[in-house]
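>
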Amino acid sequence: MHRRSLLAGAAFALAIGAAPAGAQQRTEVTFWYGLGGALGERVQEQVERFNRSQDRFRVNATFRGSYVEVMTGAIAAWRAGNPPHIAQVFEVGTATMMAAGPAIKPVHELFREAGIDIDPKRYLAGVRGYYSDTQGRLVSMPHNSSSALMWVNLDAFEKAGITDIPRTWREVRAAAEKLKAANATPCVMTTTWPTWVLFEQQSAIHDVGLATRANGFEGMDAELQLTHPFFQKHIQFIADLHRDGLFRYGGRDNAAGNLFPSGECAIGFGSSAARAQIARDAKFRWASVPLPYHDDLIQSPRNGVIGGASLWVLTARNRTPAEYAAVAAFFEFISRPEEDAWWHQVTGYVPLTRAAYEKSKAEGFYERNPGADAAIIQLSRAEPTPNSQGFRLGGMVEIRNIIQEELEKVFQGQQTVAQALEAANRRGNQVLRNFERANRS
Amino acid sequence: MRKKVIFPQVGLPYLLLLPQLAITFVFFFLPAAQAIWFSFLRQDAFGIRTEFVGLENFVELFADPLYRDSIWITFVFSLSVAALAMSVALGLAVLADRHIRGAAAYKTLLIWPYAIAPAVAAVLWIFIFHPQVGLLGRFLNGIGVAWDYKLNGTQALIAVIVASAWKQVSYNFLFFLAGLQSIPRSVLEAAAIDGASPARRFWTVVFPLLSPTTFFLLVINLTYAFFDTFGVIDALTKGGPAKATTTLIYRAYIDGRVNLDLGSSSAQSVVLMLAVIALTAVQFRFIERKVHY
Numbered sequence: 001m002h003r004r005s006l007l008a009g010a011a012f013a014l015a016i017g018a019a020p021a022g023a024q025q026r027t028e029v030t031f032w033y034g035l036g037g038a039l040g041e042r043v044q045e046q047v048e049r050f051n052r053s054q055d056r057f058r059v060n061a062t063f064r065g066s067y068v069e070v071m072t073g074a075i076a077a078w079r080a081g082n083p084p085h086i087a088q089v090f091e092v093g094t095a096t097m098m099a100a101g102p103a104i105k106p107v108h109e110l111f112r113e114a115g116i117d118i119d120p121k122r123y124l125a126g127v128r129g130y131y132s133d134t135q136g137r138l139v140s141m142p143h144n145s146s147s148a149l150m151w152v153n154l155d156a157f158e159k160a161g162i163t164d165i166p167r168t169w170r171e172v173r174a175a176a177e178k179l180k181a182a183n184a185t186p187c188v189m190t191t192t193w194p195t196w197v198l199f200e201q202q203s204a205i206h207d208v209g210l211a212t213r214a215n216g217f218e219g220m221d222a223e224l225q226l227t228h229p230f231f232q233k234h235i236q237f238i239a240d241l242h243r244d245g246l247f248r249y250g251g252r253d254n255a256a257g258n259l260f261p262s263g264e265c266a267i268g269f270g271s272s273a274a275r276a277q278i279a280r281d282a283k284f285r286w287a288s289v290p291l292p293y294h295d296d297l298i299q300s301p302r303n304g305v306i307g308g309a310s311l312w313v314l315t316a317r318n319r320t321p322a323e324y325a326a327v328a329a330f331f332e333f334i335s336r337p338e339e340d341a342w343w344h345q346v347t348g349y350v351p352l353t354r355a356a357y358e359k360s361k362a363e364g365f366y367e368r369n370p371g372a373d374a375a376i377i378q379l380s381r382a383e384p385t386p387n388s389q390g391f392r393l394g395g396m397v398e399i400r401n402i403i404q405e406e407l408e409k410v411f412q413g414q415q416t417v418a419q420a421l422e423a424a425n426r427r428g429n430q431v432l433r434n435f436e437r438a439n440r441s
Numbered sequence: 001m002r003k004k005v006i007f008p009q010v011g012l013p014y015l016l017l018l019p020q021l022a023i024t025f026v027f028f029f030l031p032a033a034q035a036i037w038f039s040f041l042r043q044d045a046f047g048i049r050t051e052f053v054g055l056e057n058f059v060e061l062f063a064d065p066l067y068r069d070s071i072w073i074t075f076v077f078s079l080s081v082a083a084l085a086m087s088v089a090l091g092l093a094v095l096a097d098r099h100i101r102g103a104a105a106y107k108t109l110l111i112w113p114y115a116i117a118p119a120v121a122a123v124l125w126i127f128i129f130h131p132q133v134g135l136l137g138r139f140l141n142g143i144g145v146a147w148d149y150k151l152n153g154t155q156a157l158i159a160v161i162v163a164s165a166w167k168q169v170s171y172n173f174l175f176f177l178a179g180l181q182s183i184p185r186s187v188l189e190a191a192a193i194d195g196a197s198p199a200r201r202f203w204t205v206v207f208p209l210l211s212p213t214t215f216f217l218l219v220i221n222l223t224y225a226f227f228d229t230f231g232v233i234d235a236l237t238k239g240g241p242a243k244a245t246t247t248l249i250y251r252a253y254i255d256g257r258v259n260l261d262l263g264s265s266s267a268q269s270v271v272l273m274l275a276v277i278a279l280t281a282v283q284f285r286f287i288e289r290k291v292h293y
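Those sequence lines, one after another, are chains A and B.
The letter at position 71 of the first sequence is residue 71 when you use our numbering, and the numbering goes up by one with no holes.
The letter at position 65 of the second sequence is residue 65 when you use our numbering, and the numbering goes up by one with no holes.
1. Leaving out five residues before and five after A:Asn439 in sequence, what residues of the same chain have Cβ atoms less than 6 Å from its Cβ?
2. How many Å lie between A:Thr72 and A:Ile278 at the Cα?
3. Distance, Cα to Cα, B:Ser70 vs B:Ser87?
4. Rounded to a whole number of angstroms, what is the C-alpha to C-alpha distance between A:Ala211 and A:Ala222?
5. Am I right that B:Pro118 and B:Gly240 are in contact with their C-beta atoms under 8 Å? What's the rounded C-beta distance?
6. Between which two residues does the beta strand (DSSP E) containing A:Val313 stretch?
7. Would you say B:Asn259 faces chain A, with C-beta separation under 7 Å as the test?
8. Have a look at A:Pro370 and A:Lys361 and give me their C-alpha separation to the nearest angstrom.
9. Tell me the residue span of the beta strand (DSSP E) that contains A:Gly270.
10. Looking at C-beta atoms only, is the number of pairs between the stretch 169 to 182 of chain A and the stretch 136 to 146 of chain A that lie closer than 8 Å three or more?
11. Counting contacts by CB-CB distance shorter than 7 Å, is A:Glu436 in contact with chain B?
12. Which chain B residues sit within Cβ distance under 7 Å of A:Trp466?
13. Could you give the distance in angstroms between the alpha-carbon of B:Leu299 and the alpha-carbon of B:Asp148?
14. Can you find a C-beta in chain A that's less than 7 Å from the C-beta of B:Leu41?
15. From A:Ala374, A:Phe330, A:Leu421 and A:Asn429, pick the residue whose C-alpha is nearest to that of A:Gly395; which is it?
16. Where do the N-terminal and C-terminal ends of the alpha helix (DSSP H) with B:Met86 fall, by residue?
17. Given a threshold of 16 other Cβ atoms within 10 Å of its Cβ, counted over all protein chains shown, does A:Trp193 qualify as buried or as exposed?
18. Of the residues A:Gly34, A:Tyr324 and A:Val289, which one's Cα is nearest the Cα of A:Ala74?
19. What residue range is occupied by the uninterrupted beta strand (DSSP E) comprising B:Phe52?
20. So A:Ala61 and A:Phe31 are in contact, right, with Cβ under 8 Å, and what is the actual spacing, rounded?
21. Can you list the residues of chain B that A:Val68 reaches, using a CB-CB cut of under 9 Å?
22. Identify whether A:Ala10 lies in helix, strand or coil by the three-state DSSP scheme.
23. If I follow the unbroken beta strand (DSSP E) through A:Tyr33, where does it start and stop?
24. Would you kindly work out how many angstroms separate the C-alpha atoms of B:Ala35 and B:Ser265, rounded to a whole number?
25. Label B:Trp203 either buried or exposed according to how many other C-beta atoms from any shown protein chain fall within 10 Å of its C-beta, with 16 as the threshold for buried.
26. Inspect the beta-carbon positions of A:Tyr249 and B:Leu157 and report whether they are closer than 7 Å.
27. Taking only three categories from DSSP, how would you classify A:Ile238?
28. Using only alpha-carbon positions, find the residue among A:Arg49, A:Gly40 and A:His206 that is nearest to A:Ala329.
29. Let's see if you can read the secondary structure: which residues bound the beta strand (DSSP E) around A:Ile86?
30. Whose C-alpha, out of A:Ala326, A:Val350 and A:Tyr366, is nearest the C-alpha of A:Val107?
31. With distance defined between alpha-carbon atoms, name the residue in A:Glu45, A:Gln389, A:Gln345 and A:Ser380 nearest to A:Arg368.
32. Per DSSP, what kind of secondary structure is A:His108 in: helix, strand or coil?
33. Mind checking if A:Arg252 is an interface residue toward chain B, Cβ cutoff 7 Å exclusive?
34. With a threshold of 7 Å on Cβ separation, who are the neighbours of A:Ala356 within its own chain once the five nearest residues in sequence on each side are excluded?
35. Roughly how many whole angstroms lie between the Cα atoms of A:Ile116 and A:Tyr366?
36. Does the pairing of the stretch 168 to 179 of chain B with the stretch 85 to 103 of chain B give three or more beta-carbon distances under 8 Å?
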């Protein structure tokens, strides 16, 4: 009986959603997101505020599992003709979504049709660039963006007699040796998201392309250039740290996520969005600073790139202009300075707009939370170059995993850095060619 | 001696079979046919552009040295899981078959793991294997064994084998226990009177009489190891380090659901389907002859 009433309820809800928007009737749109736990609650709060702020539209937000699950679910739903209006897609899915042509509605088009005039310049450069087309027009809506930072355990640094937080890799190595000599923590340093931190962020900071054709922004015929001397030098540097017991490989993706907050490792590289977790779990004094760079390669490091996700508008045969208007209104709402500043301050993601950054500054947020602006500084300290605006490579999830696999074989001692980069380059380019072929024919 | 039920009309038996056939059709034949069709195509993620490529997906697959590696890994993994899960279950069943106090409680406890979702099981094993937080992992590192399944391929394979086998022990235990209980006491008593030791009684009387159960479980366990273990692998090692724990089913899952390459993933499913059909046929044709019913 219970199940039947649930089914009836679902059918009723569907009927309402499909009904044409009447005078008092709100236009309903669905929004699938992939943020669990506390972050998911923040999403719901914001959606709730949007629904209360006006009486024409209603956004129904649902948690649909991991980023991968949201994306595959949304694609399957589009194939079946019934996709959500808004899908949150992680940054590495960007190229796949952009190549989807008729399946998506670019955000600039959405705003134009809804008569909303939003200057793309109001979004932070590092955020905007990642989700814009070659003409600088927004294709998806920036939502939750982070950048990679270096987190340091100040108690361990004090124990090892280190007074200055390292800024370059040379200084990182010197600090690591002191930390090890003083036996300050069981592990000296580690990283989460190895490909994102060690390859994507570092290549952007050093103004080296991960791939040709402006990291794929200029065309699907981009080729990886992992055999570039920069990667050879940088990965060899990391491999040497590992060999000397100064770096611990903690696993793929976010598997090493608890090594820094638990006090196991004194230095941790990871997302700026880990701030809430670190603030809650760390039983020591800590600081977050921009990522180190090789000062013999670049004097003033470029901007880092973002991670996180953006919101995509999916098309369907029976979509009405009112539904698109509802989506546009929601996007406009979350871009307002007060909403954006709230989102930035409660989640640890970077603000999407400059206005929200200025507002947080004026409110003294960064004085109360030192280091909370490290990611923003890193993202906006230089005008993005073709090598640092982001990545638009098909099959990026697969490429990230390939790089992690080959990196693991280096740490295992099964192959040299040169062999790993060569293999990753070859396998990754195969992925790019397959993607190019599947999306051209 | 063969019994035959004769139905007066032709229609009725088919009608009675219909629900089962319908379910098989909808949940097996339809998706299987779709997988076969997709294995000849190359598509983008959204299915907007589709190209018929013939056997290209299969050719690419077998030309890939990493795919050939994962065939070998699957072989080692499946045999180990089946052997471990069955031997442990048989041992437990023999122990539980005796007259002991609280046998019902033991049995219930042993059956529990079967009700646990693969991902949850994997998380439990993370708390055992993890080099920093796991009980066993910390112990091993403490006594000087360099245990780190995130970087050591052999250790990673051992970890997923143990976690996968553990999940299946309950199921095997149930069947072995039922098998043991159906062995007539008189046969065992006769052997005992003839002076056969307990070990000899087990290997010459009990084990042969259990062979139908053992054979059935072998088929079930290999199928389990082939198809139902990707949850454990995904939560524990994600197929790594490098590709040390990427089995065929895990690769099909990753290529299809994460990498969104439906053509290659479908081709892999077809290969898996053929492998399991062949495996089962071989088992029924050759091994079943040695089974005493």
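Just so it is clear, CB atoms sit at the ideal spot from N, CA and C, and this is done for glycine as well.
In brief:
1. Ala99
2. 31 Å
3. 25 Å
4. 6 Å
5. With 8 Å as the limit, B:Pro118 and B:Gly240 do not qualify as a contact, their Cβ atoms being about 18 Å apart.
6. Ile306 to Leu314
7. yes
8. 11 Å
9. Cys265 to Ser271
10. no
11. False, the Cβ-Cβ gap to chain B never drops below 7 Å.
12. Residue 466 of chain A lies beyond the range of chain A shown here (1 to 441); nothing can be said about it.
13. With chain B represented from 1 up to 293, any question about residue 299 of chain B goes unanswered, as that position is not in the structure.
14. no
15. Answer by Cα proximity: A:Asn429.
16. Pro65 to Ala96 is the span of the alpha helix (DSSP H), which, as asked, contains B:Met86.
17. buried
18. A:Gly34
19. Residues Thr50 to Phe52.
20. 4 Å
21. Arg257 and Val258
22. In this prediction, A:Ala10 scores a pLDDT of 46, lower than 50, which makes its location untrustworthy; no coordinate-derived value is stated.
23. Thr27 to Tyr33
24. 9 Å
25. exposed
26. no
27. helix
28. The option with the nearest alpha carbon to A:Ala329 is A:Arg49.
29. Residues Ile86 to Phe90.
30. A:Ala326
31. A:Gln345
32. helix
33. At least one chain B Cβ lies under 7 Å of A:Arg252.
34. Only Pro337, Asp340, Ala341 and His344 meet the Cβ criterion.
35. 32 Å
36. yes
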